[in-house]
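What follows is one structure encoded as structure tokens, with my remarks underneath.
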Amino acid sequence: MAKLNKLMLATPKGLVLLSSWLVSQGYPYELQQRYRIGGWLKTIGKGAMIKSGDPLMLSGALSALQFQMKSNIHLGGRSALALKGNTHYLQLGSPELTLFAPGQTVLPLWFVKNIWDFDYRIFKQSIFVNDHLEMTAFIDGEIEMNISSPTRALMECLALTPKAFSLHEAYELMEGLATLRPTKVQELLENCHSVKVKRLFLYFAERAGHAWFKYIDQSKINLGSGNRSLTPNGKLVPKYKLVLPKELTE
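Numbering-wise, the numbering used here comes out as the position in the sequence shown, counting from 1, plus 964.
Following this line, the structure appears as structure tokens:
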């Protein structure tokens, strides 16, 4: 009973428990089965359980994927900016949260098939050489999970432009990021392999007049060559070789 009590007390409400991870923590499959039969644990899919009576929480699923399965799926983009208080556009109670994962990520069926407390949309993309850069901890109730830092979150928004995210909204989000740390911005820009994202980030930051912009060393950032057109009938921004909506160039 001591092991069971320890598990019940140490497991945050809503956290998904992966069978393979429980084995590594000293709870073999036979013991897990006894806990399920005894009504202490409830199966939510192959290889995944929650404490009986716990709600299905998206944060509990993400935490399990991150810390038990070592996946880099995370809440990012506009959703991460909202949770860090950088935008009024989205609150945690909004109907859909934005998730990001490296392009090769395969999500387990227990994650895909369950209905969580929040709807989500997931984008599989890898815009950074190091996918673990600039992640920050966020606490949802009793559960800890990693989400994108404000700098990374905005770059994730820019990566989705113009098809899945508005250029105008991305600029408005940039306007609110007046206190970014230039060393962190520099690191992410140097590790980003999307020319579009880097050019947009720098142009929007300069246009917004942020004080930290002057500390960015663009000579260390590969901005590619040739023009990038992000809208039909737009206007060229010569310095950054971007064709943007005219109202974003004036």
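For every residue, glycine included, the Cβ atom is placed at its ideal position computed from N, Cα and C.
Please check the pair Leu1118 and Ile1086, which I expect to be a contact at CB under 8 Å, by giving their CB distance rounded to whole angstroms. The pair is not a contact, with the Cβ atoms about 19 Å apart (cut-off 8 Å).
Looking at Trp1074: is its Cβ nearer than 9 Å to the Cβ of Gly1003? No; because the gap between Cβ atoms is not below 9 Å, this pair is not in contact.
What are the start and end residues of each continuous beta strand (DSSP E) run of 3 or more residues lying completely inside the stretch 966-1038, in chain order? Counting whole runs of 3 or more residues, the stretch 966-1038 contains the beta strand (DSSP E) stretches 1005-1009, 1012-1015.
Have a look at Glu1214 and Asp1018 and give me their C-alpha separation to the nearest angstrom. Those two C-alpha atoms are separated by around 53 Å.
Residue closest to Tyr1135, alpha-carbon to alpha-carbon, out of Val1161, Ser1112, Arg1145: Measuring from the Cα of Tyr1135, the nearest candidate turns out to be Val1161.
In terms of residue numbering, what span does the alpha helix (DSSP H) encompassing Tyr1167 cover? Run containing Tyr1167: 1159-1172, per the alpha helix (DSSP H) assignment.
Could you give the DSSP three-state label for Lys1205: helix, strand or coil? Of the three classes helix, strand and coil, the one that applies to Lys1205 here is coil, per DSSP.
Give the DSSP bridge partners of Ile1103, in chain order. Per DSSP, Glu1108.
Which residues in the same chain have their Cβ closer than 7 Å to the Cβ of Tyr993, if we skip the five residues on either side of it in sequence? The answer, listed in chain order, is Ser983, Val987.
Between Asn1036 and Gly1190, what straight-line distance do the alpha-carbon atoms span, to the nearest angstrom? One C-alpha to the other measures close to 33 Å.
Length of the line joining the Cα atoms of Thr1125 and Phe1082: When rounded, the distance between both Cα atoms is 24 Å.
So which of Phe1129, Glu1139, His1038 has the shortest CA-CA distance to Ser1090? Closest by alpha carbon: His1038.
Can you list, in chain order, the residues of its chain with a C-beta nearer than 7 Å to that of Tyr1204? Leave out the 5 residues immediately preceding and following it. The answer, listed in chain order, is Arg1163, Leu1166, Tyr1167.
Is it right to say Arg1042 is buried, meaning 16 or more other beta carbons lie within 10 angstroms of its own, or is it exposed? Residue environment: Arg1042 is assigned as buried (16 or more neighbouring CB atoms within 10 Å of its CB, all protein chains considered).
Where does the unbroken beta strand (DSSP E) through Leu1061 begin, and where does it stop? 1060-1065 is the extent of the beta strand (DSSP E) around Leu1061.
Using only the heavy atoms of the ligand GTP, determine whether one of them is closer than 8 Å to the beta carbon of Lys1006. Here there are no bound small molecules, and the ligand GTP is not part of this structure.
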